[in-house]
Amino acid sequence: MVLQFTQSALLIIDVQNDFCPPRPMQDGRLSAPGALAVPGGNEIVPVINRLSNLFEQQGAPVVATQDWHPAGHCSFASASPSAATGQERGIWPDHCVQGSAGAELHPALDQHPIRLIIRKGFRSYLDSYSAFFENDHHTPTGLEGYLKVLGITQLYLTGLATDYCVKYSALDARRLGFTVSVIADAVRGVDYPAGSLQQALEEMTAAGVQFINLKDVT
Ligand code: VGL
Ligand code: ZN
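Here this note's numbering is used: the first residue of the sequence shown is 897, the next is one more, and so on.
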């Protein structure tokens, strides 16, 4: 496969500390687990770094997103008494609180190629999984305009989590007319509730999303 970079952009979805399991730090100890750790979250970082440097060398834009919630956000179990059991869909442990260490991009993520960081989920009454629209499917983040003004038609998606923010971003991108490839070895899912990962793969496939691997790009 020959990749056409001139109209391509790389999206790095929510590669933040709170979505990653503990990892060894420089002193050999383990870092604190992320509040909403996605299994294998750390493993995708070197893959994404390879991709982002490649896109940057080719002059193609690299965009990252950051889940960026105010304290007391509507998606937090702590803010939703009815969801205290954690069974309700779309209710999560407190995570990615604005300005917290958990909200920071993963320390091993190479930020040098990243041209734009889109923050989402910052309205206390509205959650946002997609890089393009808040969960009302109406309020835009501005990313569509950024990409279209630059003449981008083809998107490559990486990051966390496959069955939430990656899926919502991929489906919105298809609806907006982009060609979309998810880089399978550069994403990981939460699979909560069980089965949501498989369902996400099916929904994305049905929407015309392609699945490729790092080796197909390099
Ligand atoms: C995400 C759940 C809550 C994600 C964000 O990045 O996939 N999932 N907030
Ligand atoms: Zn969130």
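The C-beta atom is built at its ideal place from N, Cα and C for all residues, glycine as well.
### Query
With 16 as the cutoff for other CB atoms within 10 Å, does ASN1109 come out buried or exposed?
In the sequence shown, the residue the question calls residue 1109 occupies position 213. Per the 10 Å Cβ criterion, exposed.
### Message
Using C-beta distances below 6 Å, list every residue in its chain close to GLU1030, excluding the 5 sequence neighbours before and after it, in chain order.
### Response
Counting from 1 along the sequence shown, the entry for residue 1030 is found at position 134. Taken in chain order, the residues that qualify are LEU1022, SER1024.
### Message
Rounded to the nearest angstrom, what separates ALA1027 and GLY924 at their Cα positions?
### Response
On the sequence shown, position 131 is the one that residue 1027 refers to. On the sequence shown, position 28 is the one that residue 924 refers to. One C-alpha to the other measures close to 35 Å.
### Query
Under 7 Å, do THR1035 and GLN903 count as touching if we go by C-beta distance?
Looking up residue 1035 in the sequence shown gives position 139. Looking up residue 903 in the sequence shown gives position 7. Not closer than 7 Å, so no.
### Message
Using only CA atoms, which one of ASP1087, VAL1086, TYR1064 lies nearest to VAL1076?
### Response
By one-based count along the sequence shown, residue 1076 stands at place 180. Of the candidates ASP1087, VAL1086, TYR1064, the one whose C-alpha sits nearest the C-alpha of VAL1076 is TYR1064.
### Task
Go to LEU906, then tell me how far its beta strand (DSSP E) extends in each direction, as first and last residue.
Numbered from 1 along the sequence shown, position 10 holds the residue referred to as residue 906. 904 to 909 is the extent of the beta strand (DSSP E) around LEU906.
### Task
Flag ASP1032 as yes when its Cβ comes closer than 6 Å to any non-hydrogen atom of ligand 2, and as no otherwise.
Translated into the one-based positions of the sequence shown, residue 1032 becomes position 136. No, Cβ of ASP1032 sits at least 6 Å from all heavy atoms of ligand 2.
### Query
With respect to the beta strand (DSSP E) encompassing ALA1080, which residues constitute its N-terminal and C-terminal limits?
Start at 1 with the first residue of the sequence shown, and residue 1080 comes out as number 184. Per DSSP, ALA1080 belongs to the beta strand (DSSP E) from 1075 to 1084.
### Query
Apart from the five residues on each side of it in sequence, which residues of its chain come closer than 7 Å, Cβ to Cβ, to GLY986?
One-based indexing of the sequence shown puts residue 986 at position 90. Taken in chain order, the residues that qualify are SER971, ASP1023.
### Task
State the Cα-Cα distance for the pair GLY1038 and VAL993, rounded to the nearest angstrom.
As a first step, residue 1038 must be located in the sequence shown, where it is residue number 142. As a first step, residue 993 must be located in the sequence shown, where it is residue number 97. In a straight line, the C-alpha of GLY1038 is about 21 Å away from that of VAL993.
### When PHE1107, ARG1071, LEU1056, ILE1079 are compared against GLY1085, the one with the closest alpha-carbon
Here residue 1085 corresponds to residue number 189 of the sequence shown, with the count starting at 1. Comparing Cα positions, the closest option is LEU1056.
#### Entry: Validate contact between the segment 997 to 1006 and the segment 905 to 917 using beta carbons, cut 8 Å, 3 pairs
yes
### Message
Please report the straight-line C-alpha distance between SER1118 and HIS969, rounded to a whole angstrom.
### Response
Residue 1118 is absent from the model: the chain starts at 897 and stops at 1114.
### Query
If you follow the beta strand (DSSP E) that ARG1015 is part of, which residue opens it and which one closes it?
Walking along the sequence shown from the start, residue 1015 turns up at place 119. Segment 1012 to 1016, the beta strand (DSSP E) holding ARG1015.
### Query
Would DSSP call GLY936 helix, strand or coil?
Here residue 936 refers to the residue found at position 40 when the sequence shown is read from its first residue. DSSP places GLY936 in coil when its eight states are reduced to three.
### Message
Using a Cβ-based criterion (distance less than 6 Å to any ligand heavy atom), does ASP1081 qualify as near ligand 2?
### Response
Here the question's residue 1081 lines up with position 185 in the sequence shown. Because no heavy atom of ligand 2 lies under 6 Å away, the Cβ of ASP1081 does not count as near it: no.
### Message
Pairs of beta-carbons, one from the segment 951 to 964 and one from the segment 1000 to 1018, closer than 8 Å: are there three or more?
### Response
yes
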